[in-house]
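The structure appears right after this line, and notes come after that.
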Amino acid sequence: MHSLLEITHRRVGVRRLLGTGVGLCAVLLWTLAQGPVARPAETVVPRAVTTVDGTGLRALFGSENRVMRTRERVTAVTFNAAWNDAGLDSVLGELARRGVPATFFLTGDFADRHPAVVRRIAAAGHGLGNHSFGHPHFADLTAAGRMREVVAADHALRAAGAGHALTPFFRFPYSETSPAHIREVNALGFADIEYTADTNGWKGTEGGMTVDLAVNRALDALRPGAILQMHIGAQHGRTEVIDARALPLILDAFATRGYRVIDLRTLLTP
137 MHSLLEITHR
147 RVGVRRLLGT
157 GVGLCAVLLW
167 TLAQGPVARP
177 AETVVPRAVT
187 TVDGTGLRAL
197 FGSENRVMRT
207 RERVTAVTFN
217 AAWNDAGLDS
227 VLGELARRGV
237 PATFFLTGDF
247 ADRHPAVVRR
257 IAAAGHGLGN
267 HSFGHPHFAD
277 LTAAGRMREV
287 VAADHALRAA
297 GAGHALTPFF
307 RFPYSETSPA
317 HIREVNALGF
327 ADIEYTADTN
337 GWKGTEGGMT
347 VDLAVNRALD
357 ALRPGAILQM
367 HIGAQHGRTE
377 VIDARALPLI
387 LDAFATRGYR
397 VIDLRTLLTP
């Protein structure tokens, strides 16, 4: 079965793609095309979170989703990637050691440059999300330009081998959202998933960050349904990845406080 975006990209124009009806059809077609969610390799699959509304993907539409809608003591760990993959080995190793799931939001440009990384994340059983193709400011683009960013990133992730690890989750560059832009993304079949807190580890020591500061930012925002954002790479060719070093301490602290880390894909099942 062809993906929804492949079908719509060929058969309909921009205006029809941005219609709300297409977005609702996307929910069903995405689910059928993806099949069962892949389990993290050699890990125990976490229990599904009990959402307040219990209606899956459609319940995420119309919102920037900075917190999961639950009263349980659960949290989700996510990583962005647009620069390099300097911290990937450490991050994947730590997640595998603990059997913890994560969702990785990659730009299409990153997927084009690092297809092996896409396949490694997918093979490890983690989810892959769409972070646009080139990480532009969406407010500077036309509606057609924004659609191209989303569709091009989706195609790049698929071409790189994302397979069933690909999710219908989108994260705006710079987390710059607006109700109108969220509606556009929803119409393409994607739910916007932002974050409760960013560790700011991406700033590096040059930006005044330390491992301890990153950990504290994660813990200060911890609450039921919190979504944490980190990064697997560093800017400007640097190789120091504070988030990779902070991850073990963050996961230890979550466990000490009685929180379990869940897979965001559990929200897709009503």
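Taking the numbering used here, I'd label the letters of the sequence shown as residues 137 to 406. Glycine included, C-beta positions come from ideal geometry on N, C-alpha and C.
Contact between the segment 257-269 and the segment 203-213 is absent, with fewer than three C-beta pairs closer than 8 Å.
The three-state secondary structure of G263, taken from DSSP, is strand.
Fewer than three Cβ pairs drawn from the segment 228-236 and the segment 347-365 lie within less than 8 Å of each other, which leaves the two stretches out of contact.
Between the C-alpha atoms of L404 and I329 there is a straight-line separation of about 12 Å. A residue is called buried once 16 or more other Cβ atoms fall within 10 Å of its Cβ, and S268 is buried on that count. Here I368 carries a coil assignment [DSSP, helix/strand/coil]. Annotation: L277 to R393 spans about 43 Å, alpha carbon to alpha carbon. In this structure, I378 places its C-beta atom within 9 Å of the C-beta atom of K339. For L404, no beta strand (DSSP E) encloses it, and the DSSP letter there is neither H nor E. The segment 236-255 makes contact with the segment 300-319: 3 or more CB pairs, one atom from each, lie closer than 8 Å.
If the five residues before and after A288 are omitted, its C-beta is found closer than 6 Å to the C-beta atoms of G244 and F269, all from its own chain and listed in chain order. It is roughly 34 Å from the alpha-carbon of R353 to the alpha-carbon of A279. Residue burial annotation: A323 is buried, with at least 16 other C-beta atoms found within 10 angstroms of its C-beta.
Counting other Cβ atoms within 10 Å of its Cβ, E320 reaches 16 or more and is therefore classed as buried.
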